[in-house]
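**Student:** In order, the protein sequence lines correspond to chains A and B.
Reminder that position 2 of the first sequence reads as 524 in the numbering used here, one-by-one numbering, no gaps.
Reminder that position 30 of the second sequence reads as 71 in the numbering used here, one-by-one numbering, no gaps.
Note that beta-carbon positions come from the ideal geometry of N, C-alpha and C, so glycine has one too.
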Amino acid sequence: KNQVEQSPQSLIILEGKNCTLQCNYTVSPFSNLRWYKQDTGRGPVSLTIMTFSENTKSNGRYTATLDADTKQSSLHITASQLSDSASYICVVSVAGTASKLTFGTGTRLQVTL
Amino acid sequence: NAGVTQTPKFQVLKTGQSMTLQCAQDMNHNSMYWYRQDPGMGLRLIYYSASEGTTDKGEVPNGYNVSRLNKREFSLRLESAAPSQTSVYFCASSEASFGAVGYGYTFGSGTRLTVV
Chain A
523 KNQVEQSPQS LIILEGKNCT LQCNYTVSPF SNLRWYKQDT GRGPVSLTIM TFSENTKSNG
583 RYTATLDADT KQSSLHITAS QLSDSASYIC VVSVAGTASK LTFGTGTRLQ VTL
Chain B
42 NAGVTQTPKF QVLKTGQSMT LQCAQDMNHN SMYWYRQDPG MGLRLIYYSA SEGTTDKGEV
102 PNGYNVSRLN KREFSLRLES AAPSQTSVYF CASSEASFGA VGYGYTFGSG TRLTVV
């Protein structure tokens with residue numbers, strides 16, 4: 523069964539600090555992996571998309587890494603801001619004609635003063 | 042602003058009532074999707090439309106029907122609402138079907154539905 527597991531479930535950090543969120547997947551065959559940010563009461567917004575051949579991709583203060591051999595990804599947030607408070611969702615796409623997205627349950631990040 | 046627009050934002054239904062959730066996108070995307078998001082679970086696909094004129098079941102289609110009215114609009118109908126359908130519903134669109142490499146998804150802001 524295709525699964526995406528994220529850790530931790532929730533995280534509280536001080537403004538200005540860095541943090542790393544983890545994503546492990548058992549999706550096969552793998553097509554691509556995406557990280558989304560979901561603010562409370564809003565829909566998910568795409569941060570990065572990575573294919574099998576990419577192991578790092580950045581979007582401002584967000585840097586995603588992918589290890590396709592171990593089926594792990596991480597999202598690193600640098601110099602966190604209050605506006606980074608949100609849920610971060612890891613999504614893996616299954617390759618093939620009947621491909622679909624498998625969503626993780628997300629990591630809830632709270633950035634405090 | 043370009044994007045995906047969902048209506049209504051909030052709705053309370055009594056068990057057995059029916060309603061239609063509306064979704065429209067102005068990005069000329071071919072594919073549209075309906076997801077539900079429940080606490081502790083990842084988004085789950087209800088129905089999708091890979092292109093205008095086609096619709097297919099997703100992971101959790103029971104109790105729902107959809108209509109791809111035209112390229113812009115994709116509606117979700119609950120014929121006889123049940124408490125188990127209490128959820129947040131998201132519509133999304135993309136240029137290509139299903140997570141094709143390089144094609145992002147744009148999500149609406151969601152409809153929070155409560156069935157009592």
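1) Just to confirm the assignment, what range does the beta strand (DSSP E) spanning B/Q63 have?
2) Straight-line CA distance for B/I87 to B/R77?
3) CA-CA distance, B/T127 and A/F574?
4) What is the DSSP secondary structure of A/S621, reduced to helix, strand or coil?
5) Evaluate the contact criterion for the stretch 49–62 of chain B versus the stretch 579–586 of chain A: three or more CB pairs, one atom per stretch, below 8 Å.
6) Cβ closer than 7 Å: which chain B residues qualify as neighbours of A/G565?
7) Between which two residues does the beta strand (DSSP E) holding A/T570 run?
8) Counting contacts by CB-CB distance shorter than 8 Å, is A/T627 in contact with chain B?
9) Can you tell me whether B/S92 is helix, strand or coil according to DSSP?
10) Quick check on A/V526 - is its C-beta less than 8 Å from some C-beta in chain B?
11) Could you say which of B/S72, B/R113 and B/M73 lies nearest to B/A65 if we only look at CA atoms?
12) Apart from the five residues just before and just after B/S59, which ones in its own chain have a Cβ nearer than 8 Å to its Cβ?
13) Got a sec? Which residues, its chain only, sit under 6 Å from B/D14 by beta carbon, not counting five neighbours each side?
14) Is B/M82 close to chain A, meaning its C-beta is less than 8 Å from at least one C-beta of that chain?
15) Given this structure, state the Cα-to-Cα distance separating A/Q603 from A/L543, to the nearest angstrom.
16) Provide the residue span of the beta strand (DSSP E) that contains A/Y547, from first to last.
17) Which chain A residues sit within Cβ distance under 9 Å of B/E119?
18) For A/Q531, which three-state DSSP category applies?
19) Determine the direct distance from the alpha carbon of A/T600 to that of A/E527, and round the result to whole angstroms.
20) Ignore the nearest five residues each way along the sequence and tell me which others in A/K593's own chain have a CB closer than 7 Å to its CB.
21) Taking the alpha-carbon positions, what's the B/N111 to A/T634 distance?
22) Can the beta-carbon of A/F552 be found less than 8 Å from the beta-carbon of A/A617?
**Tutor:** Let me spell this out:
1) In the DSSP assignment, B/Q63 falls within the beta strand (DSSP E) that extends over M60 to Q66.
2) B/I87 and B/R77: Cα-Cα distance of roughly 7 Å.
3) 37 Å
4) Any reading at A/S621 is ruled out, since the residue's pLDDT is 47, under 50, leaving its predicted position unreliable.
5) no
6) Here the neighbours are F131, F148, G149, S150 and G151.
7) Its beta strand (DSSP E) spans residues V567 to T573.
8) yes
9) B/S92 falls in the coil class under three-state DSSP.
10) yes
11) B/R113
12) R118, L119, E120, S121 and A122
13) Nothing can be reported for residue 14 of chain B, as the shown portion of chain B is limited to 42 through 157.
14) yes
15) Each residue's alpha carbon lies about 16 Å from the other.
16) Run containing A/Y547: C541 to Y547, per the beta strand (DSSP E) assignment.
17) Correcting the residue type first, residue 119 of chain B is Leu in the shown sequence and not Glu. By Cβ distance, chain A contributes nothing, its closest Cβ being about 20 Å from B/L119, past 9 Å.
18) coil
19) About 22 Å.
20) N546, Y547 and T548
21) 45 Å
22) yes
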